[in-house]
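These notes are about the structure you will find just below.
Residue numbers (the working numbering): 29 to 203.
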């Protein structure tokens, strides 16, 4: 369930999915620093302003949730009160230096590996929904249905042009 006590007052929240294919399985020294940082970064997200929800298994993270026959493909999903809160976490917190190391742990990805979209407050996105948003973004580019920080669309009840939130060029949701 969503833990944010003010969630009911909001109409829309921002959902995000990102996927990656590890360069080696968990336990391999090549990717172990990623797994070693995971609990700390998840805890940081959980207590970040604007955080609402994140996908997790009984182990407390999402890396052991199989989303494809490929065991190296992992998923991360979360929900935030707004785009600014997620942007602050991604680009201006202790998460940022860990994300900057992603090429050490993840293979280059052909296509979109991160997508954002608006959901009604109180809802939790499914993995299938997230994967479909990635597919739409990869196939058709940014739209109100699936977008990135580079072309962030407004909440469905607002008539605004897409906004470039100026993410760091090395991390814009495409390989």
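The C-beta atom is built at its ideal place from N, Cα and C for all residues, glycine as well.
- Could you spell out the range, first to last residue, of the alpha helix (DSSP H) harbouring residue 156? Position 128 of the chain shown, counted from the start, is the residue given in the question as residue 156. Segment 155-168, the alpha helix (DSSP H) holding residue 156.
- Item | Backbone secondary structure at residue 138 - three-state DSSP | For this step, residue 138 is matched to residue 110 along the chain shown. Three-state DSSP puts residue 138 in coil, outside helix and strand.
- In angstroms, rounded to a whole number, what distance separates the CA positions of residue 102 and residue 45? As a working note, residue 102 is residue 74 in the chain shown. As a working note, residue 45 is residue 17 in the chain shown. Each residue's alpha carbon lies about 11 Å from the other.
- Item | Identity of the residues DSSP links to residue 103 by a beta bridge | Counted from its first residue, the chain shown places residue 103 at position 75. Residue 103 has 47 as its beta-bridge partners, per DSSP.
- Is it true that the segment 128-147 meets the segment 164-175, where meeting means three or more beta-carbon pairs spaced less than 8 Å apart? By the Cβ rule, the segment 128-147 counts as touching the segment 164-175, because three or more pairs are nearer than 8 Å.
- Query: Is the beta carbon of residue 152 less than 7 Å from the beta carbon of residue 81?
  - Reply: Within the chain shown, numbered from 1, the residue matching residue 152 stands at position 124. Within the chain shown, numbered from 1, the residue matching residue 81 stands at position 53. Contact flag set, yes.
- Task: Measure the Cβ-Cβ separation of residue 122 and residue 72 and say whether it is below 7 Å.
- Result: Residue 122 sits at position 94 when you count from the first residue of the chain shown. Residue 72 sits at position 44 when you count from the first residue of the chain shown. Against a cut-off of 7 Å, the Cβ pair of residue 72 and residue 122 comes out as a contact.
- Query: Can you tell which of 41, 176 and 78 has its C-alpha closest to the C-alpha of residue 116?
  - Reply: Taking the chain shown and counting its residues from 1, one reaches residue 116 at position 88. In terms of Cα proximity to residue 116, the closest of 41, 176 and 78 is 78.
- Task: Kindly give me the distance between the Cβ atoms of residue 49 and residue 100, rounded to whole angstroms, as I take these residues to be in contact under 8 Å.
- Result: One-based indexing of the chain shown puts residue 49 at position 21. One-based indexing of the chain shown puts residue 100 at position 72. About 5 Å separates the two Cβ atoms, so the contact holds.
- Going by DSSP, which residues form a beta bridge with residue 41? The residue labelled residue 41 in the question sits at position 13 within the chain shown. Bridge partners of residue 41 according to DSSP: 147.
- Query: Thinking just about the alpha-carbon of each residue, which of 185, 157, 129 and 178 is nearest to the one in residue 191?
  - Reply: Residue mapping note: residue 191 aligns to position 163 of the chain shown, counting from 1. When only C-alpha atoms are compared, the closest one is 178.
- Task: Let me know the secondary structure DSSP gives residue 186 once reduced to three states.
- Result: The residue you call residue 186 lines up with position 158 of the chain shown. Residue 186: coil per DSSP, three-state reduction.
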